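Residue numbers (the numbering used here), protein chains in the order written: chain A, 667 to 1004; chain B, 667 to 1004; chain C, 667 to 1004. Backbone N, C-alpha and C define an ideal beta-carbon position, used for all residues, glycine too. Because the structure is a prediction, the values reported are computed rather than measured.
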Amino acid sequence: MDFRGTHIISVQQFQRPDVERIFDVADSMEPFAQRRQVSKALDGAILGNMFFEPSTRTRVSFGCAFNMLGGHVRETAEIGASSITKGESLYDTARVISGYSDVIVMRHPRAGSVAEFAEASRAPVINGGDGVNEHPSQALLDLYTIRKELESRQRGIDGMHIGMVGDLKHGRTVHSLSRLLKLYRDINFNLISPKQLRMPPGIVAELRAAGHKVSQTEDMAKGLHDNDTVYLTRIQEERFASRLEADVYRGRFRLNQAIYTRHCQPNTVIMHPLPRDTRAEANELDEDLNQHPNLAIFRQTDNGVLVRMALFALVLDVVEKAPQHVQQAGWYTGRRFE
Amino acid sequence: MDFRGTHIISVQQFQRPDVERIFDVADSMEPFAQRRQVSKALDGAILGNMFFEPSTRTRVSFGCAFNMLGGHVRETAEIGASSITKGESLYDTARVISGYSDVIVMRHPRAGSVAEFAEASRAPVINGGDGVNEHPSQALLDLYTIRKELESRQRGIDGMHIGMVGDLKHGRTVHSLSRLLKLYRDINFNLISPKQLRMPPGIVAELRAAGHKVSQTEDMAKGLHDNDTVYLTRIQEERFASRLEADVYRGRFRLNQAIYTRHCQPNTVIMHPLPRDTRAEANELDEDLNQHPNLAIFRQTDNGVLVRMALFALVLDVVEKAPQHVQQAGWYTGRRFE
Amino acid sequence: MDFRGTHIISVQQFQRPDVERIFDVADSMEPFAQRRQVSKALDGAILGNMFFEPSTRTRVSFGCAFNMLGGHVRETAEIGASSITKGESLYDTARVISGYSDVIVMRHPRAGSVAEFAEASRAPVINGGDGVNEHPSQALLDLYTIRKELESRQRGIDGMHIGMVGDLKHGRTVHSLSRLLKLYRDINFNLISPKQLRMPPGIVAELRAAGHKVSQTEDMAKGLHDNDTVYLTRIQEERFASRLEADVYRGRFRLNQAIYTRHCQPNTVIMHPLPRDTRAEANELDEDLNQHPNLAIFRQTDNGVLVRMALFALVLDVVEKAPQHVQQAGWYTGRRFE
């Protein structure tokens, strides 16, 4: 696909070469994200970072990615505050905001809202999460992390085994990641969840139709046994009818040092989309693994900046320009990325 | 007037040559706002974008305008969060904030607050809306839009006919726009509203004293008949004693394709300060006009950036400097302004 | 100490030469803070300005200081909105945010939280206030102001007399300022407060052990009598069990023109950390002193920018670089700092 000026709404708009193009560009962003060099590729450009649902982490990650390419960031983090509450349509909001933004990232609680917004927007729109629907930059950073982690272990994505654990029914991250993995060959999906929180049958069918192997189990030990990567998720409390209903499932599928040692392959990569719930009653990914070399959760968020920079660079067509006219970062940057 | 270092508080501080000076400078900002060129005129300068009342659109528009001249934007969008709730005076807030801002835009729910704030400020202050009182950059962008739209139809502001529709009692935008139009010659005002929501008699008297013609009617068909521009407004629900009281008037004066075709001159420009209320019970400006070439509402918001850039450039005295040392915008900007 | 890459968490980490180093660097920032020159020392760097407790003034002051050195600012001002409310640990938040910020300023309502956050952060962290505990940049700007004010009166900090007035039990600013003054010689502390709101005995003991003189009184007249500086504080209502309990003390110790003239030395500097409570029932520092040449409260906030620039420059090691490649500020800057 031609990324120039395109809206990035769903992982389903990508073919495998598109995903690999994004990852190659992400690789080229390392000198900037790791603060060795400063790029001015987007000097003067403006990101409209419109978060109509709170998300400090994702909002700041997109903003930093844009700053690292030299651009300005204007943003909102206030839903109650917006004209939308005065009866304004997404059409109007999009027409207005796209008049003064060169690219827009939008998060909104309603599924489909970002696509509707993009339809009316005069500037390219990147989906920063539209409710239960999609969060494509998260799925991309997850797969990018898998690629990097497996490469450093002399393996690739084709043929890999992945365990997905937890609330697979409501977790949009595992849905989108599955659909990206679908573009590759011979993936083994080990889906571990309570029966009631299984991966939607439609997605399972898609994966199987594409030639992948999917097994589903409630038995953590069995599901963990043979994976290159395990991907933990938190119970999506906000998608349940009540906190009580969510409590039934909370804490049922956990990974900690003891379980990892007993059930996982010694080199299994541990992933989680964050935030993880570290309260005792949940604790789906225990902090006793924090120093474990296979814990990739913070490398995931670091990679998120690279992937978001890549999306901006591709959509705004400055991939070639990013490494030009760079300067050395002139301040203390420590050993943050060693 | 000399704009250098001046506070912009009210449309009443302008004479006609001042307004025309602002518009000429706004014209010169087009290459930057339309993303063909990047200016560094305000490189290093800081805007304090202080919104003590929510307004995503206006806040972001001012911020983008400042970024487009190369400056930094620091801002607040939190009223509950501010020291004002700990009993701090506007005097103190102004003295403090003006110590680290080169120019301040302030919105605040109380009429007169921005003038009081400006009194104490050491940096120039631009009124971003002070409750029922004024929102001068909105009035300027409205008139600037009228000028542009009529020019492209080989007409001018002098002698024009304008229809103003809706809640003319509470709508500060129509009050301020009227006072700007007052500076011109021989304007015909066709004021269309329920009797209870008529334009304040003081303003009508001002207009007549200045030689303009004002007619007031409750008859939409009659009022729409002969205008170069119609300016729709929403019912200012927040100014009524109750939602119920506002409901009496909601939806009574609407413009849609059918009404436009039947009652308006074929070349009548359609304006609205936005947000428009697109809920069925209100819908004062129907979406079936969205593709109409005479619908100027999104050109209004685009023009808002130009007018705000002009105000910054004039107040900070960089009008001559803006077109110097510019660079070409190096990223994809699409066909957003065609 | 070596400031490079260091966390700034507590005034207790400084020795006298460290404090003086900060102040000398702050002096060198004047051309930038007073808008005569623009520095690009931090061009491309990113501040993560993380305010998990509202504070418009402090947040904007840190952000402006970073902009004045040429850097980008990404920020949050939303506690309810953050992942912390979904059960995320400070450890996780710190690991994530420090992946895309070159330095972090953090404010958080819980004492000790910033130190805990810094422990996990890969980038240097500056404490922007952690509840009842510390707010080191405030203490530094207070002492820096004292130094400047006394210097202009041909005096120094050693041997000075300082009156501290109000809620000395809960006011973290007077605690931290006292601990910085402790590093100097022969200070006379005149502590004026209700018996129930006295300075914590531990701090008084520290001061005396370091050779300073401390007197405590409930008699305003007596305590005001002989000081180079008086430092007023507001009743920290949020630290009391109820508003009613705070009301007992509110308004008991006030300074106004009449009291100043009667009880203070004619050249006594008047300070307050702001916000001051200007409501009639509190009004600990009356506005009838607003034009008084010895009122230093707005010079304090101006100095805050200098001190915060100094902290950034020291921690990120760009002190030498700041005055290089500067340009003249090209916009109107008025007479704001005369």
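Check	Outcome
Which residues in the same chain as H738/C place their Cβ atom closer than 6 Å to its Cβ, once the five residues preceding and following it in sequence are excluded?	I712
Does the separation of the CB atoms of L955/A and N933/A fall below 9 Å?	no
What residue range is occupied by the uninterrupted alpha helix (DSSP H) comprising M1009/B?	The requested residue 1009/B does not occur in the structure, where chain B is confined to residues 667 to 1004.
Per DSSP, E741/B is paired with what?	N715/B
With a cut-off of 9 Å, does the C-beta of A747/C fall near any C-beta of chain A?	Legend: pLDDT at A747/C = 46, less than 50; position of this residue unreliable, no value from coordinates given.
Between G753/C and chain A, is the shortest Cβ-Cβ distance under 9 Å, so that the two count as touching?	yes
How is D796/A classed by DSSP in three states: helix, strand or coil?	strand
Could you check what DSSP says for H801/B in three-state terms: helix, strand or coil?	coil
So, at 8 Å on beta carbons, what are the nonlocal neighbours of D709/A in its own chain, with the 5 sequence-adjacent residues on each side left out?	G736, G737
Does the Cβ of V914/C have 16 or more other Cβ atoms within 10 Å, making it buried, or fewer, making it exposed?	exposed
Helix, strand or coil, according to DSSP, for I675/A in the structure here?	coil
For H991/C, count neighbouring Cβ atoms within 10 angstroms of its own Cβ and tell me buried if that reaches 16, exposed if not.	exposed
Thinking just about the alpha-carbon of each residue, which of T759/A, P683/A, V677/A, I869/A is nearest to the one in H836/A?	I869/A
Please report the straight-line C-alpha distance between G829/C and N799/C, rounded to a whole angstrom.	22 Å
Please classify D885/C as buried or exposed, where buried requires at least 16 other C-beta atoms within 10 Å of its C-beta.	exposed
Below 9 Å between beta carbons: does that hold for L807/C and G970/C?	yes
Assuming the contact rule is C-beta atoms closer than 8 Å, F669/C and V984/C should be a hit. Round their C-beta distance to whole Å, please.	Between V984/C and F669/C the Cβ distance is about 11 Å, and since that is not below 8 Å, they are no contact.
In whole angstroms, what separates the C-alpha of D693/C from that of R687/C?	10 Å
For V985/B and chain A, any beta-carbon pair shorter than 9 Å?	no
In terms of alpha-carbon separation, which member of V685/C, E904/C, A699/C, R928/C lies closest to Q994/C?	A699/C
Along the stretch 954-984 of chain B, where does the CB come closer than 8 Å to a CB of chain C? Name the residues.	V981, L982, D983, V984
For D952/C, which residues of its own chain have a beta-carbon under 8 Å away from its beta-carbon, when the five flanking residues on both sides are left out?	R920, L921, N922, Q923
In this structure, does DSSP put L857/B in helix, strand or coil?	strand
Would you mind telling me which residues of chain C sit closer than 9 Å to I675/B, beta carbon to beta carbon, in chain order?	Under the 9 Å cutoff, chain C gives no residues; its nearest Cβ is about 17 Å from I675/B.
Just the chain B side, please: which residues come within less than 9 Å of A789/A by C-beta, in chain order?	T999, G1000, R1002
Quick check on the DSSP output: the beta strand (DSSP E) that includes K663/C runs from which residue to which?	The structure shown does not extend to residue 663/C, since chain C is modelled only from 667 through 1004, so no value can be given for it.
Counting C-beta neighbours from all protein chains within 10 Å, is the total for T722/B 16 or more, i.e. buried, or is it exposed?	buried
Across which residues does DSSP place Q681/A in a beta bridge pair?	According to DSSP, which records beta bridges pairwise, Q681/A is partnered with nothing at all.
Rounded to whole angstroms, how far is the Cβ of L972/B from the Cβ of M695/B, which I believe are closer than 8 Å?	5 Å
Can you name, in chain order, every residue of its own chain whose Cβ lies under 8 Å from the Cβ of I674/C, other than the five neighbours on each side?	P790, V791, I792, N793, P802, S803, L977, V981
According to DSSP, is L982/C helix, strand or coil?	coil
Please classify I869/B: does DSSP put it in a helix, a strand, or coil?	helix
Quick check on S818/B: buried or exposed, where buried means 16 or more other Cβ atoms within 10 Å of its Cβ?	exposed
Say whether chain A places a C-beta atom closer than 9 Å to the C-beta of D913/B.	no
Which residue wins for smallest C-alpha separation from I770/C, given the options L843/C, T811/C, T672/C, L846/C?	T672/C
Looking at the structure shown, is A995/C part of a helix, part of a strand, or coil, going by DSSP?	coil
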